[in-house]
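The sequence shown lines up with residues 1 to 257 when you count with the working numbering.
Where is the CB? At the ideal position from N, CA and C, for every residue including glycine.
Worksheet for the structure shown next.
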Amino acid sequence: MESRQTMEAIQPRSIGAATPDCFSITADQRRWLSRHDLLLPLLRKQIIAAAVEAIALPEQDRQAALQGWCRRHGIGSEAELDAFCHQRGLSRADAAWQAELPSRIEAHCREHFAHRSENHFLARKHQLDEVVYSLLRVREASLARELYLRIAEGEADFAELAASHAMGPEQRTRGVIGPVPLIQAHPALAELLRSSQPGQLRLPLQIDTWWLVVRLEALRPACFDAATELAMARELFEAWVEESVRQQLPGLSILDR
1 MESRQTMEAI
11 QPRSIGAATP
21 DCFSITADQR
31 RWLSRHDLLL
41 PLLRKQIIAA
51 AVEAIALPEQ
61 DRQAALQGWC
71 RRHGIGSEAE
81 LDAFCHQRGL
91 SRADAAWQAE
101 LPSRIEAHCR
111 EHFAHRSENH
121 FLARKHQLDE
131 VVYSLLRVRE
141 ASLARELYLR
151 IAEGEADFAE
161 LAASHAMGPE
171 QRTRGVIGPV
181 PLIQAHPALA
191 ELLRSSQPGQ
201 LRLPLQIDTW
211 WLVVRLEALR
221 PACFDAATEL
231 AMARELFEAW
241 VEESVRQQLP
251 GLSILDR
């Protein structure tokens, strides 16, 4: 009886060309793709594929990518991989392409966009700073003032009052919000937090129909480290892809038949 091959024995095969030299579809195909909202995603994937298909990954990275892809899909042997591909109409080269795509994109980002990462980070830094703060929101100004005074004078704990009086989702976390990007907060609240010191309790702030009692717990300025460098390169790559889609969509080649 033939022994079962384990996932560790699964080896990547040659991928070959990932995309055609040009992206052409018939008018009928364009209508079908547009009707099912697949035209833009397909064009986007084709643009990405064309950008990264020449990336040469080390053999050990190819093997690790395929084995990780197999684990995520519950595939534990060559036979299971063949069955999985057959059920989905994939070739083994297609499977290898899907497995390697994230690594190819990362390598492309590092090669073509990492040199612009720091400038992009500096332009975005104010949006990347993270904050932890305590929040208690109520509808009445008088109640907000009362709760503020009780906290300021040490008569009550912020967390206890948030759990018993807060009218927003912060009630479930005893008032604690974060760490979250500072930009996610309402602009008025973000400005208040940015101008606060850790541990500082601020006077009640009105935003729309709410009155907020706020205390900054921690402000975590974004730093430009290796992870941030890659994240910024990915953002630049995504922006390039979206611009490429916008430019190429009008000129998408339509075949007569």
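Secondary structure at residue i, three-state DSSP: helix, strand or coil?
| i | result |
| --- | --- |
| residue 26 | strand |
| residue 206 | strand |
| residue 21 | Here the model assigns residue 21 a pLDDT of 41, short of 50, so the residue's position is not dependable and the matter cannot be decided. |
| residue 218 | strand |
| residue 161 | helix |
| residue 201 | strand |
| residue 249 | coil |
Label residue i either buried or exposed according to how many other C-beta atoms from any shown protein chain fall within 10 Å of its C-beta, with 16 as the threshold for buried.
| i | result |
| --- | --- |
| residue 32 | exposed |
| residue 226 | exposed |
| residue 21 | Residue confidence is low: residue 21 scores 41 on pLDDT, short of 50, so the model does not pin down where it sits. Its coordinate-derived value is still stated next. Answer is exposed; the Cβ neighbour count stays below 16. |
| residue 170 | buried |
| residue 70 | buried |
| residue 175 | buried |
| residue 215 | buried |
| residue 96 | buried |
| residue 62 | buried |
| residue 212 | buried |
| residue 239 | exposed |
| residue 144 | buried |
At which residues does the beta strand (DSSP E) containing residue i begin and terminate?
| i | result |
| --- | --- |
| residue 260 | As shown, the chain starts at 1 and ends at 257. That puts residue 260 outside it, with no answer to give. |
| residue 177 | 176 to 181 |
What residue from the options has the CA that sits closest to residue i's CA?
| i | options | result |
| --- | --- | --- |
| residue 204 | 164, 251, 171, 152 | 152 |
| residue 244 | 48, 168, 159, 25 | 48 |
| residue 126 | 184, 62, 105 | 184 |
| residue 122 | 228, 133, 91, 239 | 228 |
| residue 133 | 210, 221, 95, 193 | 193 |
| residue 136 | 166, 128, 107 | 166 |
| residue 120 | 242, 223, 252, 77 | 223 |
| residue 210 | 158, 189, 242 | 189 |
| residue 51 | 104, 157, 67 | 104 |
| residue 131 | 29, 154, 191 | 191 |
| residue 124 | 221, 87, 24 | 221 |
| residue 141 | 247, 207, 128 | 207 |
Could you tell me the boundaries of the alpha helix (DSSP H) in which residue i lies?
| i | result |
| --- | --- |
| residue 47 | 39 to 52 |
| residue 68 | 59 to 72 |
| residue 82 | 78 to 88 |
| residue 75 | Element bounds for residue 75: n/a, residue is neither H nor E. |
| residue 144 | 141 to 152 |
| residue 172 | Per DSSP, residue 172 belongs to no alpha helix (DSSP H) and is neither H nor E. |
| residue 105 | 92 to 112 |
| residue 190 | 187 to 194 |
Hey, does residue i have any beta-carbon neighbour from chain B nearer than 8 Å?
| i | result |
| --- | --- |
| residue 145 | Included in the structure is just one protein chain, with no chain B present. |
Exercise for the section: Would you check if the region 114 to 131 and the region 228 to 241 touch, i.e. whether three or more CB-CB distances between them fall below 8 Å? Expected result: yes
Exercise for the section: Decide if the region 177 to 191 is in contact with the region 100 to 108; the criterion is three or more beta carbon pairs, one per stretch, under 8 Å apart. Expected result: They do not touch, by the three-pair rule.
Problem - Cβ contact check for the region 103 to 112 and the region 39 to 57: 3 or more pairs under 8 Å - result: yes
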